[in-house]
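Under this note's numbering, read the sequence shown as residues 14 to 173, first letter to last.
For every residue, glycine included, the Cβ atom is placed at its ideal position computed from N, Cα and C.
Treat the numbers as computed from the prediction; the structure is a model and nothing was measured.
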Amino acid sequence: MTELDSAPANFPEDVIVYAVDCEAALDYAFALYLGRTQDCSILIEEWLLKRFSFGEKLGLLKRIIELEGLIWAPYETLVPELQKLFDFRNAVAHSAPDHGNRFSRKRRRAARNEVFEISADELAEQMHRGMRCQSAVWGLPTYLTSNPRTFDPPRPPQSA
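In structure tokens:
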């Protein structure tokens, strides 16, 4: 048995793929939801959504979930699950392997070097979280475009 045979199937950096894909899917879902036409959706995605922080995107997602009444699985926990996924992504993306060990990470915080460990169980949990979030987020455009309420024509302003 070689060292490669006993190596884990996944590395902490593998979780980043899910976070990136989830953010792209969120942008797509927001553009579909907010745009009146295909051209409008493209403008929203290209010009507006890129200016939002991930926290602002989570706030928008939370509001859309409330407005649409998405109170069933997986949407009732999607916002906190995405936050956990992105917290892990940020920890990995803003750190480096400590002496080549990808599960022992080093980052700079408050003018100090800080080392933190990622266990195999934590990595497995984050990989599963990434898959669940990815599946849920990619389901949003389908739900939002199939809900006739989403595409109600604009109503004229009410006179006083």
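The three-state secondary structure of R49, taken from DSSP, is coil.
According to the DSSP assignment, N103 belongs to the alpha helix (DSSP H) that extends over 91-106. Listed in chain order, the non-local C-beta contacts of N126 below 7 angstroms within the same chain comprise K119, local neighbours out to five positions each way being set aside. A straight line joining the alpha-carbon of C146 with that of H107 spans about 21 angstroms. In the assembly as shown, G82 is an exposed residue. Its beta-carbon has fewer than 16 other beta-carbons within 10 Å.
With respect to L71, P154 sits apart: the two C-beta atoms are not nearer than 8 angstroms. Taking 8 angstroms as the upper bound for CB-CB distance, E26 and V105 are in contact here, some 6 angstroms apart. Approximately 6 angstroms separates the beta-carbon atoms of F101 and V28; this is inside 8 angstroms, confirming the contact.
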